[in-house]
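Since the structure comes first, as C-alpha coordinates, the remarks are kept for the end.
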Amino acid sequence: MGKRPKSNPMAPSILRTSLLLLLAVVVLSGCNKEKDTIARITIVKENGQPVTEAYVKLYANPAFPLGDATRLTQEKLTDSRGMAEFDYSGFYEQGQAGFAVLDIVSFKDSMVGEGIIKILEEEVNEETVTLIPVTP
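Note that the numbering used here has the sequence shown beginning at 57, numbered continuously upward.
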(Lines of atoms letter the chains of each structure in order from A; the text may use other names.)
(Lines give C-alpha, C1' and ligand atoms only; values in the text may rest on other atoms or scores of the structure.)
Protein backbone atom coordinates (compact mmCIF):
# COMPACT_ATOMS: atom_id res chain seq x y z
CA MET A 57 0.00 0.00 0.00
CA GLY A 58 1.02 3.54 -0.77
CA LYS A 59 1.66 6.23 1.73
CA ARG A 60 -1.24 8.45 2.63
CA PRO A 61 -0.52 12.13 2.12
CA LYS A 62 -0.03 13.97 5.35
CA SER A 63 -2.73 16.47 6.19
CA ASN A 64 -1.61 20.03 6.72
CA PRO A 65 -2.98 21.21 10.08
CA MET A 66 -2.12 24.83 9.16
CA ALA A 67 -4.44 24.97 6.12
CA PRO A 68 -7.71 25.37 8.09
CA SER A 69 -6.06 27.93 10.37
CA ILE A 70 -4.81 30.03 7.43
CA LEU A 71 -8.20 29.82 5.73
CA ARG A 72 -10.00 30.83 8.93
CA THR A 73 -7.64 33.78 9.50
CA SER A 74 -8.06 34.95 5.90
CA LEU A 75 -11.84 34.84 6.17
CA LEU A 76 -11.78 36.77 9.46
CA LEU A 77 -9.53 39.45 7.96
CA LEU A 78 -11.79 39.76 4.92
CA LEU A 79 -14.84 40.07 7.16
CA ALA A 80 -13.11 42.74 9.29
CA VAL A 81 -12.20 44.79 6.20
CA VAL A 82 -15.79 44.65 4.90
CA VAL A 83 -17.31 45.59 8.27
CA LEU A 84 -14.85 48.37 9.08
CA SER A 85 -15.04 49.97 5.64
CA GLY A 86 -18.83 50.14 6.03
CA CYS A 87 -18.43 52.06 9.31
CA ASN A 88 -16.82 55.09 7.66
CA LYS A 89 -20.02 57.12 7.37
CA GLU A 90 -19.97 60.59 5.88
CA LYS A 91 -20.68 63.29 8.46
CA ASP A 92 -22.80 66.34 7.66
CA THR A 93 -21.16 69.41 6.13
CA ILE A 94 -22.98 72.38 7.69
CA ALA A 95 -22.60 76.16 7.47
CA ARG A 96 -24.19 77.90 10.47
CA ILE A 97 -24.49 81.67 10.15
CA THR A 98 -25.47 83.86 13.10
CA ILE A 99 -26.73 87.36 12.36
CA VAL A 100 -26.44 90.00 15.09
CA LYS A 101 -26.89 93.74 15.51
CA GLU A 102 -23.97 95.97 16.50
CA ASN A 103 -24.89 95.47 20.17
CA GLY A 104 -24.64 91.66 19.76
CA GLN A 105 -28.40 91.04 19.86
CA PRO A 106 -29.52 88.24 17.47
CA VAL A 107 -31.59 89.34 14.48
CA THR A 108 -34.64 87.18 13.74
CA GLU A 109 -35.99 86.74 10.21
CA ALA A 110 -32.95 88.33 8.57
CA TYR A 111 -32.30 87.28 4.97
CA VAL A 112 -29.05 85.31 4.58
CA LYS A 113 -27.49 84.23 1.29
CA LEU A 114 -24.38 82.07 0.82
CA TYR A 115 -22.81 82.05 -2.63
CA ALA A 116 -19.56 81.26 -4.41
CA ASN A 117 -17.76 84.17 -6.04
CA PRO A 118 -14.66 82.61 -7.63
CA ALA A 119 -12.11 84.75 -9.45
CA PHE A 120 -11.65 81.97 -12.01
CA PRO A 121 -14.83 79.84 -12.18
CA LEU A 122 -14.13 76.22 -13.04
CA GLY A 123 -17.75 75.11 -13.01
CA ASP A 124 -21.24 76.25 -12.15
CA ALA A 125 -20.68 78.40 -9.05
CA THR A 126 -24.42 78.96 -8.60
CA ARG A 127 -24.91 75.34 -7.50
CA LEU A 128 -23.62 76.31 -4.03
CA THR A 129 -25.99 79.30 -3.65
CA GLN A 130 -28.46 78.92 -0.78
CA GLU A 131 -30.80 81.42 0.89
CA LYS A 132 -32.67 81.34 4.21
CA LEU A 133 -34.17 83.50 6.94
CA THR A 134 -32.71 83.40 10.44
CA ASP A 135 -34.60 81.70 13.25
CA SER A 136 -35.45 83.10 16.70
CA ARG A 137 -31.78 82.73 17.73
CA GLY A 138 -30.56 84.74 14.74
CA MET A 139 -29.20 81.58 13.07
CA ALA A 140 -29.53 80.17 9.58
CA GLU A 141 -28.18 76.69 8.92
CA PHE A 142 -27.19 75.49 5.45
CA ASP A 143 -26.52 71.83 4.66
CA TYR A 144 -23.84 71.20 2.03
CA SER A 145 -23.55 67.44 2.67
CA GLY A 146 -24.91 66.59 -0.77
CA PHE A 147 -22.21 68.66 -2.48
CA TYR A 148 -19.22 67.06 -0.77
CA GLU A 149 -17.74 63.72 -1.84
CA GLN A 150 -15.55 61.69 0.53
CA GLY A 151 -11.90 61.91 -0.37
CA GLN A 152 -12.30 65.36 -1.89
CA ALA A 153 -9.56 67.79 -0.83
CA GLY A 154 -11.14 70.97 0.51
CA PHE A 155 -14.63 72.18 -0.15
CA ALA A 156 -15.51 75.86 -0.57
CA VAL A 157 -15.08 79.45 0.54
CA LEU A 158 -18.41 81.25 0.29
CA ASP A 159 -19.47 84.87 0.52
CA ILE A 160 -22.24 85.81 2.95
CA VAL A 161 -24.69 88.66 2.45
CA SER A 162 -27.46 89.47 4.92
CA PHE A 163 -30.01 92.20 5.44
CA LYS A 164 -33.11 93.13 7.39
CA ASP A 165 -35.00 96.38 7.08
CA SER A 166 -32.32 99.09 6.65
CA MET A 167 -29.43 97.02 8.07
CA VAL A 168 -26.90 95.06 5.98
CA GLY A 169 -23.89 92.86 6.61
CA GLU A 170 -21.36 90.82 4.68
CA GLY A 171 -18.83 88.12 5.47
CA ILE A 172 -16.94 85.09 4.26
CA ILE A 173 -17.03 81.51 5.51
CA LYS A 174 -14.64 78.66 4.77
CA ILE A 175 -16.59 75.42 4.57
CA LEU A 176 -14.62 72.42 5.81
CA GLU A 177 -16.02 69.05 4.80
CA GLU A 178 -17.82 66.93 7.39
CA GLU A 179 -17.84 69.72 10.00
CA VAL A 180 -20.20 72.33 11.40
CA ASN A 181 -18.69 75.61 10.19
CA GLU A 182 -19.81 78.76 12.00
CA GLU A 183 -19.59 82.45 11.19
CA THR A 184 -21.17 85.58 12.70
CA VAL A 185 -22.19 88.56 10.59
CA THR A 186 -22.99 91.93 12.15
CA LEU A 187 -25.71 94.02 10.51
CA ILE A 188 -25.10 97.76 10.45
CA PRO A 189 -27.63 100.46 9.61
CA VAL A 190 -27.45 101.93 6.12
CA THR A 191 -27.66 105.70 6.13
CA PRO A 192 -29.10 107.42 3.05
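Note that the Cβ used here is the ideal one computed from N, Cα and C, for glycine as well.
C-alpha gap between residue i and residue j, whole angstroms
i: Pro106; j: Glu183; result: 13 Å
i: Ala95; j: Val190; result: 26 Å
i: Ser74; j: Glu90; result: 28 Å
i: Phe147; j: Glu131; result: 16 Å
i: Thr98; j: Thr134; result: 8 Å
i: Val100; j: Thr186; result: 5 Å
i: Glu177; j: Thr93; result: 5 Å
i: Met167; j: Ile188; result: 5 Å
Exposure label - residue i; buried when at least 16 CB within 10 Å
i: Phe155; result: buried
i: Ala110; result: buried
i: Asn181; result: buried
Nearest neighbour of residue i, chosen from the options [CA to CA]
i: Gly171; options: Ser69, Ser145, Ala116 and Val180; result: Ala116
Distance cut-off 7 Å: residue i Cβ against heavy atoms of the ligand ADP
i: Ile70; result: The model on display carries no ligand, and the ligand ADP is accordingly not part of it.
* Let me know the beta strand (DSSP E) ranges lying completely inside the stretch 95-132, each 3 residues or longer, listed in chain order. => 111-115
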